[in-house]
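My numbering numbers the first residue of the sequence shown as 201 and each following residue consecutively.
Ideal Cβ placement from N, Cα and C applies to all residues, glycine included.
In this text the structure is predicted, and so the values were computed from the model without any measurement.
Written below as structure tokens is the structure these notes are about.
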Amino acid sequence: MNGIQNQEPNPIADAIKQITDHYLREASDPENQPICKVADTETASILTEKYALPDDTPHEIEDVLKEAIEVNDYRIRNGHPRFFGFIPSPILPVAWLGDVVSSVFNVHAGSRMQSSGASAIEKSLIHWMATAAGLPAETAGGISVSGGSMANLTAMILARDNKLPLDKMQVGVAYVSDQTHSSVAKGLRVLGFRADQVRKVPSNDKFQLDIQALEDAIKTDRDSGLYPFMIIATSGTTNTGAIDPIDAITEIARREDLWVHVDGAYGASAILSKTRRKLFNGLGKVDSISWDAHKWLFQTYTCSFVLVRDKSLLSKSFHTSAEYVQDATDMDYIPNYWNFGIELTRPARATKFWFTLRVLGLDKISSMLDHGIDLAEYAEQQVRKLPQWQITSPASLAIVTFRHVPEGKTDAQLDELNTKISQQLLAENVAGALTTRVHGRVVLRMCSIHPELSRDSMKDIVARMHDIGQELASCMP
């Protein structure tokens, strides 16, 4: 008898189809989805009481899947074209599929014995990324990690191990700017450095690390008996998209024998833009780079990389051994990635990114990156046309900030007004243009990296934003 005719119903296959259909429905009609849906206290309590704790008896998988859809409905939709907050991290359907493929095989990517195929892909992909960033092909390497925080931490461990003698730990100093991501200070704290060992250098009027202030700080610290060992620069700050002057920073670092790490978690993706690559001159001179594919390369969480100038330093800092892994020794052609980073058990993150690159190709990726950058520049142009609006930081790497400044209002009133504009845009489901602070004042911020948002939509968003601003300002004393 035909085996297909006698095949039993498969609840797992049915559930996979159900969640796939749900995802594709949402992805095909993002404009009609809520940008942000937050569970209030009562809803959170109901969800907790209904679903949070396991029961002794089983539930049908179809029912639990419906519960999961209900629970996850309360979220910011990062993939909504009109969400501009934080780093939005919109994903492509092919990236979602790549993540599913990776999960299906559930590869342990710690050792080459357990993941020779995935590890070969990771090695090749990372070498390509490192050379794309300008690092030397003969020595460069790296490892995939969970995110920018782990990438930065990994790089800071290398800096400590290679530039800071053990007997100087208590007087070591790392240099950041006042625009550096908060994960850097957290990572240094995890490594045992005190707050007074992290020197916050002011930024210039372009929100870049100020070179003269950096040189002055290093000299002052050396004269005080301290031991500078590392500079953390940024290519694409979260607040304004600023790119620190890498050439000048690396020149100082070579003269002073300091490690240079570039936090490119957000901005490094623009390396793959065929029109904006020149923005990253000097990047190939640094010692390490963090780069998140789940920020601006449209990947699911989590997918990040730390790239290093000299890959041998990774194994010097992270190599481990034990009796129970003696059968999984390193080979020259495929490394054991558990010897390159903190994690021993680790997923095959690189393969889902590889999946996207193979399906789309670099021309498509480049055009999507350019589209996001162009959109922010277009938004800036539209805002500049409006009366009583101020650009507080010009468009840079798809990020722009601005502020409504009607006459006769105090700074405190303007802060309140711009906060309310952001809240009303979200309440009307017009846009998720959240606030930040620039020069101490509340401003609206857009990170416009969604590849499907059109110029016409951006124009409409800016126009409605202006109307809301006028309406709210007219109601203020």
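Item: Reduced DSSP category for ILE661 - H, G, I as helix; E, B as strand; rest coil; Value: helix
Item: Backbone secondary structure at LEU653 - three-state DSSP; Value: coil
Item: Per-residue DSSP class, three states only, for THR243; Value: helix
Item: For ARG360 and ALA395, the rounded distance between their alpha carbons; Value: 16 Å
Item: Contact test: ALA330 Cβ vs the ligand ZN heavy atom, cutoff 6 Å; Value: Inclusion of the ligand ZN in the displayed structure is not the case, the ligand content being empty and no account of it being possible.
Item: Beta-carbon spacing of TRP635, THR619 below 7 Å; Value: Residue 635 is actually Thr in this sequence, not Trp. Yes, they are a contact pair.
Item: Identified DSSP bridge partners for TYR375; Value: ARG399, ILE431
Item: Sub-7 Å separation of SER648 and ALA576 beta-carbons; Value: yes
Item: DSSP three-state assignment for ASP667, whether helix, strand or coil; Value: helix
Item: Beta-carbon proximity list for LEU479, same chain, < 7 Å, skipping 5 on both sides; Value: ILE443, ALA470
Item: Beta-carbon gap between ASP326 and LEU472 smaller than 7 Å; Value: Checking the sequence, you will find Ile at residue 326 rather than Asp. Going by C-beta atoms, ILE326 is not nearer than 7 Å to LEU472.
Item: Separation of SER674 from ILE668, as counted between CA atoms; Value: 10 Å
Item: Residue of VAL559, SER622, LEU458 minimising C-alpha distance to LYS363; Value: LEU458
Item: Burial state of MET201 (16 or more Cβ within 10 Å); Value: The predicted position of MET201 is uncertain, since its pLDDT is 41 and thus under 50; no value can be drawn from it.
Item: Alpha-carbon to alpha-carbon, ALA579 and SER654; Value: 11 Å
Item: Own chain partners of ALA330 with C-beta closer than 7 Å, once the 5 adjacent residues on each side are dropped; Value: ALA340, GLY341, GLY342, LEU507
Item: Cβ pair ASN178, SER311 closer than 7 Å; Value: There is simply no residue 178 to check, as the chain begins at 201 and stops at 677 in what is shown.
Item: Inter-stretch contact (C-beta, 8 Å, three-pair minimum) for the segment 599 to 613 and the segment 580 to 589; Value: yes
Item: Which residues DSSP lists as bridging TRP491, in chain order; Value: PHE505
Item: Neighbourhood of ARG558 by C-beta, 8 Å cutoff - its chain only, sequence neighbours within 5 removed; Value: none
Item: Cβ-based burial, LYS495 [other Cβ within 10 Å; buried from 16]; Value: buried
Item: First and last residue of the uninterrupted beta strand (DSSP E) at LEU644; Value: 641 to 647
Item: Contact set for PRO606: own chain, Cβ-Cβ below 7 Å, skip 5 residues either direction; Value: GLN588, ALA673
Item: Exposed unless 16 or more other CB atoms sit within 10 angstroms - verdict on GLY203; Value: Bear in mind that a pLDDT of 49 at GLY203, under 50, signals an unreliable position, so the model cannot answer this.
Item: Cross-strand partners of SER344 (DSSP beta bridge); Value: PHE505
Item: Nearest residue (CA-CA) to LEU224, options GLU242, ARG277, PRO293, GLY285; Value: PRO293
Item: Under the three-state DSSP convention, the category PRO293 falls into; Value: helix
Item: Boundaries (first-last residue) of the alpha helix (DSSP H) holding PHE555; Value: 549 to 560
Item: In chain order, each alpha helix (DSSP H) run of at least 4 residues that lies wholly inside the segment 268 to 320; Value: 293 to 305
Item: PHE498 (DSSP reduced to helix, strand or coil); Value: coil
Item: DSSP state of GLN408 mapped onto helix, strand, coil; Value: coil
Item: Nearest-angstrom beta carbon gap, THR610 and VAL638 [assumed within contact, 8 Å]; Value: With 8 Å as the limit, VAL638 and THR610 do not qualify as a contact, their Cβ atoms being about 18 Å apart.
Item: Which residues DSSP lists as bridging GLN590, in chain order; Value: ARG603
Item: Contact set for ALA337: own chain, Cβ-Cβ below 6 Å, skip 5 residues either direction; Value: THR331
Item: Beta-carbon proximity list for GLY482, same chain, < 7 Å, skipping 5 on both sides; Value: ILE446, ASP447, THR450
Item: Range of the contiguous alpha helix (DSSP H) that encloses HIS381; Value: Segment: none, HIS381 is in no alpha helix (DSSP H) and carries neither H nor E.
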